[in-house]
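Going by the numbering used here, the sequence shown opens with residue 17, and the numbers climb by one from there. Backbone N, C-alpha and C define an ideal beta-carbon position, used for all residues, glycine too. For reference, the structure is listed below as structure tokens.
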Amino acid sequence: LTTHMYDLVLDSLACLCHERYGDSAGIATDLDLVELMPEDSLSPPELAKDMLDTVLHRHLMDGGDIGFGGGGSENNGGIGQGIGVGSGTGAGSLVNVISPNTNFDARTCPTPMTFNAVLRIAANFDPSAHAEAVESAKVLGGKMGLSRGGTGVDLKQEQDRLRDVTIDAALTTFSRMQYCVALTLRTLRSSTKSATSRQALKRQAKMLAGNYKPKQQNNFISGRNSATYSYLIQTVANCIPPSLSRGNMTFGLYHKGCVQEGVMDEQLVKTMRGVGGYGNVDEDVTEEDGGVSAPPVSNGPIFDAFLAKELGAGVEFAVDKGRQLRQDRNYKLRRHVEWDDTY
């Protein structure tokens, strides 16, 4: 099995969750997703995280750095040796990687799609609806009382558990993207596709210097893109009720994605507007005095003021302002496919 095969499975599960719980919810019945899953199987976020673990474990065995800070010991320069054909090439010092033809095994290297599909599953997954569907399936199958007993308390506990595993799958995936060297090499290759040797070196040096990381980590380029932040913000908004905490978390993620990593695009702006209840369209939220109305959903006074000032005037206005500040400098460079913002 190659990484791309896992990508296809993760993408299929993400599309299924989007159809069942996302914007197009209602096409499938409550039991459709549950019926497709084997009996007593893991929930979609848990299953996706397990598949990601499998991909990253195979990448580690092939000499890659899977995002835990290093794939090898200090004795060999921090290079993960592994046992595959790409051994010894996964976690070296990237300051010496200047050739677009660097040899590593693409069959085991994770892609932005590998990580972002897990985040997309978490973003579209509804823990409460899934727990209720599983409960209904057991009732219809005559298996009530074999596991949880069907009590309201147990159902609530299962809903809370599914909420926790959804947040865990999203946040751990987000963390592991930062130091995955395969994503860094992919970014460096994309940046030098049509550049001269001197231009390539300048561009790589600029990218490595603008990562907002400690000096010992300057050789890594985060593989996160606009889809990463969009799905993670959507997960936080779905799993945490409107509150000061939700406002602080989503603001921190949005600021990091736009200001530090420069991956702003329309999808990210729409998702952030949705946290405040503005919706995904450029609706008119201006008041008679020319100001912008407060978000319909409050997440604290500071967050509400920020959202109304920066994003309340509409998606197009926010994106244009971000472009002037170069907050979209990397949004195409880090995508799985340059013309598609899904992954």
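{"Query": "Within its chain, find whatever has a CB closer than 8 Å to the CB of L26; leave out the 5 residues flanking it on each side and keep chain order.", "Result": "A64, M67, L68, M129, T130, A133, V134, I137"}
{"Query": "Have a look at the DSSP bridge pairing and note the partners of V331.", "Result": "None; V331 has no bridge partner."}
{"Query": "Indicate whether S309 and A324 have their beta-carbon atoms separated by less than 8 Å.", "Result": "yes"}
{"Query": "Tell me which residue opens and which closes the alpha helix (DSSP H) that Q283 is part of.", "Result": "282–291"}
{"Query": "With DSSP run on the structure shown, which of helix, strand or coil describes V308?", "Result": "strand"}
{"Query": "So, helix, strand or coil for L260, using DSSP?", "Result": "helix"}
{"Query": "How long is the line joining the alpha carbons of G290 and F141, rounded to whole angstroms?", "Result": "16 Å"}
{"Query": "For V335 versus M280, is the C-beta distance shorter than 8 Å?", "Result": "yes"}
{"Query": "Which residues share a DSSP beta bridge with V353?", "Result": "D356"}
{"Query": "From this set, E35, S28, H20, R262, which residue's C-alpha is nearest G16's C-alpha?", "Result": "Given a span of 17 to 359 for the chain in the structure shown, any question on residue 16 remains unanswerable."}
{"Query": "Leaving out five residues before and five after V71 in sequence, what residues of the same chain have Cβ atoms less than 7 Å from its Cβ?", "Result": "T19, Y22, P126, T130"}
{"Query": "Does DSSP put R342 in a helix, in a strand, or in coil?", "Result": "coil"}
{"Query": "Return the Cβ separation of M265 and V275 in integer angstroms, given the expectation that the two are a contact with Cβ distance under 8 Å.", "Result": "That pair is no contact at about 16 Å."}
{"Query": "Short check: CB of E62 to CB of V150, under 8 Å?", "Result": "no"}
{"Query": "Pick from Y247, S242, Q343: whose alpha carbon is nearest that of C33?", "Result": "Y247"}
{"Query": "Here's the rule I'm using: 16 or more other beta-carbon atoms within 10 Å means buried, otherwise exposed. How should V285 be labelled?", "Result": "buried"}
{"Query": "Identify the continuous alpha helix (DSSP H) that holds Q250 and give its terminal residues.", "Result": "242–255"}
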